[in-house]
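Beneath this line is the structure, given in structure tokens, with notes to follow.
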Amino acid sequence: RLGWDHQSINAPELCHALEQVGVAAVTIHGRTRAQRYTGWADWDEIARVREAVDHIPVLGSGDVRDPALVEARIRQGVVDGVVVARGMLGDWNFLEQTVRQLRDGYPGPDPSFQERLLLARRHWNAVVDHHGERLGVRLARKFVVWAIKGCSGAARLRARVADLN
Numbered sequence: 001r002l003g004w005d006h007q008s009i010n011a012p013e014l015c016h017a018l019e020q021v022g023v024a025a026v027t028i029h030g031r032t033r034a035q036r037y038t039g040w041a042d043w044d045e046i047a048r049v050r051e052a053v054d055h056i057p058v059l060g061s062g063d064v065r066d067p068a069l070v071e072a073r074i075r076q077g078v079v080d081g082v083v084v085a086r087g088m089l090g091d092w093n094f095l096e097q098t099v100r101q102l103r104d105g106y107p108g109p110d111p112s113f114q115e116r117l118l119l120a121r122r123h124w125n126a127v128v129d130h131h132g133e134r135l136g137v138r139l140a141r142k143f144v145v146w147a148i149k150g151c152s153g154a155a156r157l158r159a160r161v162a163d164l165n
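Here's what the structure looks like:
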């Protein structure tokens, strides 16, 4: 993270010191600890980290929800790489589309609702197989809900999925 709060942002200095003791790379999330999951990631502060180190890669994270943004952050030189976290939850095509975006300049088509459902079902089955029915269903529910967000009829289906035990 950038620091504890906006008054104590210390990521540039900390990362410079880490580089001096031999750290091979750093990953910086663009929010402070106090922000938790609210507000926006501050990519200007992440860029300050990039400027503060001389020879190690800087990976940035925060509010990356689309392959074009991954490409933009890298091409602008803000970071050497991008770490995608919550931005890809339930979006099982995100990595494939990001590779296409970086290679071809276009992420390709979004999956259809039917394709999303098929991927959600596969994911559900894999999680339940791995964790067992009781824990697996609880864990899989949230990913399925994220996967169908924005699809026609998703609200009804989300309500049904949320009730599964």
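Each residue of the sequence shown is one higher than the one before, starting from 1 at the first, in full-length UniProt numbering. Every residue, glycine too, gets a C-beta built ideally from N, C-alpha and C.
In the structure shown, what three-state DSSP assignment does residue i receive?
i	result
T98	helix
H131	helix
V23	coil
H16	helix
I56	coil
G108	coil
V144	helix
G87	helix
Excluding five sequence neighbours on each side, which residues of the same chain lie with their C-beta closer than 6 Å to the C-beta of residue i?
i	result
V90	Inspection of the sequence shows that residue 90 is occupied by Gly rather than by Val. The residues are F143, W146 and A147.
D129	none
If you draw a straight line from the alpha carbon of residue i to that of residue j, how long is it in whole angstroms?
i	j	result
I28	S61	6 Å
E45	L59	12 Å
S152	L14	47 Å
F94	R122	16 Å
V49	A25	11 Å
M88	R65	6 Å
Within 10 angstroms of its Cβ, does residue i collect 16 or more other Cβ (buried), or is it exposed?
i	result
Q97	buried
L118	exposed
P67	buried
W4	exposed
A159	exposed
Could you say which of the options lies nearest to residue i if we only look at CA atoms?
i	options	result
V83	A41, D104 and D129	A41
R86	Y37, G153 and I9	Y37
E102	W92, A34 and R73	Position check: residue 102 holds Leu in this sequence, whereas Glu was assumed. Nearest option by C-alpha distance: R73.
R31	Q114, R1, P57 and Q7	R1
H6	R33, E19 and Q114	R33
G39	D63, L157 and A11	D63
Can you list, in chain order, the residues of its chain with a C-beta nearer than 8 Å to that of residue i? Leave out the 5 residues immediately preceding and following it.
i	result
L139	V127 and H131
Might you give, ordered along the chain, the residues of its own chain that have their beta carbon closer than 7 Å to the beta carbon of residue i, omitting 5 neighbours on each side?
i	result
G105	none
W124	A140 and V144
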